[in-house]
Amino acid sequence: MRLWRGGLLATLAGDSGWGLVDDGALLVDEGRLRWVGPAGELPPEATGAEVVELGGALVTPGFVDCHTHLVYGGSRANEFEQRLLGASYADIAKAGGGIRSTVAATRAASEAELLAGATRRARALMREGVTTLEVKSGYGLDAATEARMLRVARQLGGLGIDVRTTYLAAHALPPEFSDADEYIAAVCRWLPELHEQGLVDAVDAFCEHIAFSPAQTARVFDAAQRLGLPVKLHAEQLSDQGGAQLAAGYRALSCDHLEFLSPAGVQALGQAGTVAVLLPGAFYALRETQLPPIAALREAGVPIAIATDHNPGSSPTLSPLLMLNMACVLFRLTPEEALRGLTVNGARALGLHDRGRLVAGQRADFCIWDSAHPRELAACFGHNPLKERVWQGSHQGES
Ligand code: NIG
Ligand code: FE
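Counting from 75, one number per residue, gives the positions in the sequence shown under the working numbering.
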């Protein structure tokens with residue numbers, strides 16, 4: 075057993091508030107939090123535990139980055155330049171760039187090359203406190219490359235981070251298909267075998283005028299449901315397609331982006347208990363102006379998560395800390411909502427309820443920061459005060 079003591083704990087224990095414990099302690103046993111509370115009130119079982127002094131440092135739950143496209147080949151910095159010259163994300167996609175350009179580069183990359191790139195990126199996320207990471211496929215768009223991406227994602231688990239994989243073959247129409255319905259049939263056909271190989275934890279789709287319709291999305295969700303797999307959706311990013319209502323009908327874990335979410339969509343998410351995942355990196359990089367309906371989401375009691383949405387096109391960031399800041403500055407989340415978004419609600423967006431708070435029984439995934447208060451994590455940007463990342467109770471000497 076190991077005892078961390080003498081820190082300011084932001085436990086997020088209740089449904090609101092930071093859950094601060096001053097001069098707090100965490101007792102860890104076999105990768106789990108056995109006890110959390112004031113250091114002056116240690117339970118008898120803490121006697122004899124190996125002690126680590128926190129020296130007044132801030133401790134938060136480990137970050138859960140619940141939406142990334144971390145595995146890919148190539149770069150799309152050229153599109154950044156094109157957008158600066160006036161082209162929109164949709165223009166670039168329609169002209170065959172965007173996702174399809176990353177598909178070409180990903181198909182051309184070997185498994186080892188994909189793993190090397192994804193490993194560098196996962197390490198960068200870990201250096202800012204990520205302990206659980208979701209990774210989507212969706213740059214293969216054929217059975218072999220989708221499988222390769224998912225295998226690479228699984229291998230990232232060896233770095234000392236939990237990885238959840240999401241099948242996103244319904245991301246774009248690949249060049250060898252001209253009929254989107256035929257492609258969706260293939261997407262549904264490939265899924266059982268990938269699932270059989272243990273490569274899929276959830277199923278996602280891109281429901282948008284430049285991608286797939288609600289009816290096509292529903293077919294992918296039906297295929298997921300037949301296998302008992304939970305679903306998520308890229309919904310209402312560029313337009314209101316009613317994707318949120320559709321996803322809520324499937325009790326989706328999350329709907330993501332949501333800038334164009336309608337009042338009916340908000341209600342549907344609230345009733346289904348679906349998490350709204352907000353992605354300020356994509357909003358920022360695409361210079362969007364339509365804000366997700368934060369006040370309505372709050373009012374309907376929809377849990378809000380935030381994530382990096384790391385991908386080479388719309389959100390090439392590897393900084394969860396910057397997302398905390400952007401969620402506050404751009405979306406007007408409170409710093410506490412932003413931190414919950416990157417911890418407990420991020421976990422919920424992955425269907426995980428055993429992490430995201432510092433309370434007894436949860437996994438011992440936490441971050442030790444050189445900060446005086448958790449609000450500093452959101453207020454500051456462009457610097458990383460992480461002192462130590464603890465994953466399953468073990469120090470991770472990431473550098
Ligand atoms: O979450 N919106 C769709 N998918 C990604 C972008 C993928 C890409 O542009 O490569 C997103 O923003
Ligand atoms: Fe995405």
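The C-beta atom is built at its ideal place from N, Cα and C for all residues, glycine as well.
Rounded straight-line distance, which links the Cα of Gly302 to that of Gly420: In this structure, the CA atom of Gly420 is about 21 Å from the CA atom of Gly302.
Reduced DSSP secondary structure (H/G/I, E/B, other) of Ser473: Confidence at Ser473 is low in this model, with a pLDDT of 35, below 50, so its placement is unreliable and no value can be given for it.
Validate contact between the stretch 216 to 224 and the stretch 283 to 301 using beta carbons, cut 8 Å, 3 pairs: No, they do not touch.
Euclidean distance between Cα positions of Gly70 and Leu396: An answer regarding residue 70 cannot be provided, because it is not within the stretch 75 to 473 covered by the chain.
Cβ neighbour criterion (16 or more within 10 Å) applied to Gly272: Exposed, by the Cβ-count rule.
Where Leu424 falls, given that 16 or more other Cβ within 10 Å makes a residue buried: Buried.
Where Ile368 falls: helix, strand or coil (DSSP): The answer is helix: DSSP assigns Ile368 an H, G or I state.
Contacts around Gln229, its chain only, beta-carbon distance under 7 Å, and the 5 residues preceding and following it disregarded: If you ignore the 5 residues before and after Gln229, its C-beta comes within less than 7 Å of the C-beta of Leu189, all in its own chain and listed in chain order.
Contacts around Leu360, its chain only, beta-carbon distance under 6 Å, and the 5 residues preceding and following it disregarded: Contacts found: Tyr163, Ser388.
Three-pair Cβ contact test at 8 Å for the stretch 437 to 446 versus the stretch 122 to 138: The stretch 437 to 446 is in contact with the stretch 122 to 138.
Any non-hydrogen atom of the ligand FE closer than 7 Å to Asn419 Cβ: Between the ligand FE and the CB of Asn419, the shortest heavy atom gap is not smaller than 7 Å.
Proximity below 8 Å, CB of Ala120 to CB of Leu101: The answer is yes: Cβ separation under 8 Å.
Ala217 versus His269 - alpha carbon distance: So the two alpha carbons sit approximately 12 Å from each other.
Distance CB(Glu282)-CB(Gln319) smaller than 8 Å: No, the pair does not count as a contact, with Cβ atoms beyond the cut-off.
DSSP beta-bridge partners of Val138: According to DSSP, which records beta bridges pairwise, Val138 is partnered with Thr206.
Residue interval of the beta strand (DSSP E) (run including Glu410): Segment 409 to 415 is the alpha helix (DSSP H) holding Glu410; no beta strand (DSSP E) there.
Segment contact flag, the stretch 390 to 409 with the stretch 425 to 439, C-beta cutoff 8 Å, min 3 pairs: These segments do not touch.
Ala369 burial status per 10 Å Cβ neighbour count (16 or more: buried): That one is exposed.
Residue of Met200, Pro390, Cys454 minimising C-alpha distance to Phe357: It is Pro390.
Where Asp278 sits in the DSSP three-state scheme: Looking at Asp278 - three-state DSSP - the assignment turns out to be strand.
Residues near Ala346 in its chain [Cβ-Cβ closer than 6 Å; skip 5 each side]: Within the same chain, Ala346 has close Cβ partners Ala322, Arg325.
Every unbroken beta strand (DSSP E) inside the stretch 415 to 473 [3 residues or more]: Those beta strand (DSSP E) runs which fall completely within the stretch 415 to 473 and span 3+ residues are 440 to 443, 460 to 465, 468 to 470.
Euclidean distance between Cα positions of Ser336 and Val376: So the alpha carbons of these two residues sit roughly 14 Å apart.
Inter-residue spacing [alpha-carbon to alpha-carbon] between Tyr241 and Ala196: About 18 Å.
Asn399 versus Leu352: straight-line alpha-carbon distance, rounded: When the Cα atoms are used, Asn399 and Leu352 turn out to be separated by approximately 13 Å.
Bridge partners - Trp109, DSSP secondary structure assignment: In the DSSP output, where bridge partners are listed per residue, Trp109 has Leu101.
Collapsed DSSP secondary structure at Val125 in the structure displayed: In the three-state reduction of the DSSP assignment, Val125 falls in the strand class.
Reference Gly234; option with closest CA among Ser252, Val204, Leu215: Nearest to Gly234 by alpha-carbon distance, out of Ser252, Val204, Leu215, is Val204.
Any non-hydrogen atom of the ligand NIG within 7 Å of Thr176 CB: Checking the Cβ of Thr176 against the ligand NIG gives yes.
Burial state of Leu158, where buried means 16 or more other Cβ atoms lie within 10 Å: Within 10 angstroms of the beta-carbon of Leu158 lie fewer than 16 other beta-carbons, which makes it exposed.
Burial state of Gln315 (16 or more Cβ within 10 Å): If you draw a 10 Å sphere on the C-beta of Gln315, you find 16 or more other C-beta atoms in it, and that means buried.
Close-in-space but distant-in-sequence residues of the same chain around Glu411 (CB under 7 Å, 5 per side omitted): Once the five neighbours on either side are set aside, the close Cβ partners of Glu411 are Ile378.
Cβ-Cβ separation, Val209 to Ile258 (assumed contact under 8 Å), whole Å: Rounded to whole angstroms, the Cβ separation of Ile258 and Val209 is 22 Å, and the two are not in contact under 8 Å.
Proximity test, His308 beta-carbon vs the ligand NIG heavy atom, cut-off 7 Å: Checking the Cβ of His308 against the ligand NIG gives yes.
Anticipated Cβ contact below 8 Å, Val274 with Thr239, distance rounded: Right, the Cβ-Cβ distance comes to about 6 Å (below 8 Å), so this counts as a contact.
Where His331 falls: helix, strand or coil (DSSP): Of the three classes helix, strand and coil, the one that applies to His331 here is strand, per DSSP.
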